[in-house]
Amino acid sequence: MTPAGNLDATFAALADPTRRAILARLAKGEATVMELAKPFEMSQPAVSQHLKVLEDAGLIVRRVEGTKRPRRLAQAGIDAVDQWLAMLHKALEKNYDRLDQVLFDLDRNRKGETR
Amino acid sequence: MSKLTLKTEGDRQVVVTRRFAAPPKAVYRAHTDCELLRRWLLGPEGWTMPVCVSDPRPGGKIRFEWANQNGASFYLTGEYAELEPPSRLVHIERMYLPDPTPDNRVETTFEPDGTGTLLTVQMTLPDAATRSAMLATRMEYGMEASYSRLETLL
Chain A
13 MTPAGNLDAT
23 FAALADPTRR
33 AILARLAKGE
43 ATVMELAKPF
53 EMSQPAVSQH
63 LKVLEDAGLI
73 VRRVEGTKRP
83 RRLAQAGIDA
93 VDQWLAMLHK
103 ALEKNYDRLD
113 QVLFDLDRNR
123 KGETR
Chain B
2 MSKLTLKTEG
12 DRQVVVTRRF
22 AAPPKAVYRA
32 HTDCELLRRW
42 LLGPEGWTMP
52 VCVSDPRPGG
62 KIRFEWANQN
72 GASFYLTGEY
82 AELEPPSRLV
92 HIERMYLPDP
102 TPDNRVETTF
112 EPDGTGTLLT
122 VQMTLPDAAT
132 RSAMLATRME
142 YGMEASYSRL
152 ETLL
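Line order of the protein sequences matches chains A and B.
Here the first sequence is numbered in this note's numbering, starting from 13 and rising by one per residue.
Here the second sequence is numbered in this note's numbering, starting from 2 and rising by one per residue.
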C-alpha cells in the first residue's frame with residue numbers, strides 16, 4: 013500500500029468521534045469487542061463495523077484468543093500519522109527559515125535607508 | 002531547536018505556530034508581497050515560484066506557480082477574504098494537481114511578541130476526506146525524496 017493511500021484511510025477513519033474514542037480506549041490497552049461496546053452504549057455489530065474501518069486503515073490489529081478477538085493499537089498506523097505531521101513540519105521549517113532571512117534583509121535595508 | 006509547532010485540532014483543523022524576530026508589520030508584508038513571497042514560500046530545496054499574483058484586498062486574487070529544475074510544476078489559486086494589516090489575514094486557496102482540491106480557508110494571525118511576532122496559521126477544511134487529500138499532497142510536496150512521485154501526479 014502506498015503511504016498516501018494508507019493516510020487517506022487513516023484520516024477518514026480518524027474523522028469519526030466514536031472511532032477516536034475507541035482508539036483512546038485502546039491506547040490504554042488491549043480490549044475485546046464486548047469491552048469496547050460497553051462505554052459507548054452501542055450494539056456489538058455497530059462497534060464491529062467501526063473496528064473494521066480502523067483495522068482497514070491500519071490503525072488497529074486483532075489477535076485470536078479462543079473465541080475472543082481482542083484488538084490493540086497498531087504501531088504502524090499511529091506512526092503513519094506522526095510521519096505525515098513530521099513531513100509537513102519539515103516543509104514549513106524550510107519556508108520559515110528562509111522567511112527569517114528575508115525579514116533580516118528587510119530590516120537591514122530599512123536601517124540602511126534611514127542612515 | 003525547532004521553533005515551529007504543528008498540531009491538529011479536532012478533525013477539521015491544523016494549527017501551526019512560529020516566532021519571528023521581525024515586527025508584525027514586516028511579517029504581514031512578507032505574506033502578501035510577491036517580491037518577498039517568491040523568496041521564501043518554496044517548500045523543499047530546488048523549487049522556485051516563477052509566477053506570483055497577490056492582490057491583498059477583499060476579493061483580491063492569489064496565484065502561485067511553482068516549478069523545479071526537472072520541469073515539474075504545479076499551482077494554486079485563491080482569494081483574499083479578510084485583511085486586517087498587520088494583525089490578521091484570511092484567504093481561501095485551492096491547489097491544482099491538476100484537478101483542484103476543495104477550497105481551504107486559511108487564517109493567519111500576526112501577534113506582537115516582544116520585539117518580534119508570533120505567527121499562527123490555522124487551516125480549516127470542509128471535511129476529513131479533504132484534509133486527508135491535502136495532507137497527502139503536502140506530504141508529497143514536503144518530501145525531497147519523492148520528487149519523482151510528485152511528478153507522476155502532475
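For glycine and all other residues, C-beta sits at the position ideal for the given N, C-alpha and C.
B:P103 carries a coil assignment under DSSP once its states are collapsed to helix, strand and coil. Using beta-carbon distances, A:R81 does not count as an interface residue toward chain B, since no partner is under 8 Å. Selection B:E66, B:G61, B:K4 evaluated against B:L42 yields B:E66 as nearest (Cα-Cα). Taking all protein chains in view, the Cβ of B:Y81 is crowded by 16 or more other Cβ atoms within 10 Å, so the residue is classified as buried.
Remark: C-beta atoms of B:G115 and B:A23 do not approach each other more closely than 8 Å.
Take the alpha-carbon of A:A25 and the one of A:V59: they are about 13 Å apart. Measuring C-alpha to C-alpha distances from B:M96 to each of B:R106, B:F75, B:S88, B:R89 identifies B:F75 as the nearest. Listed along chain A are L111, V114, L115, L118, each with a C-beta nearer than 9 Å to that of B:A31. DSSP places A:V45 inside the alpha helix (DSSP H), whose first and last residues are 45 to 52. Here DSSP, grouped into helix, strand and coil, assigns A:E67 to helix. Taking CB atoms only, B:A23 has a neighbour in chain A less than 8 Å away.
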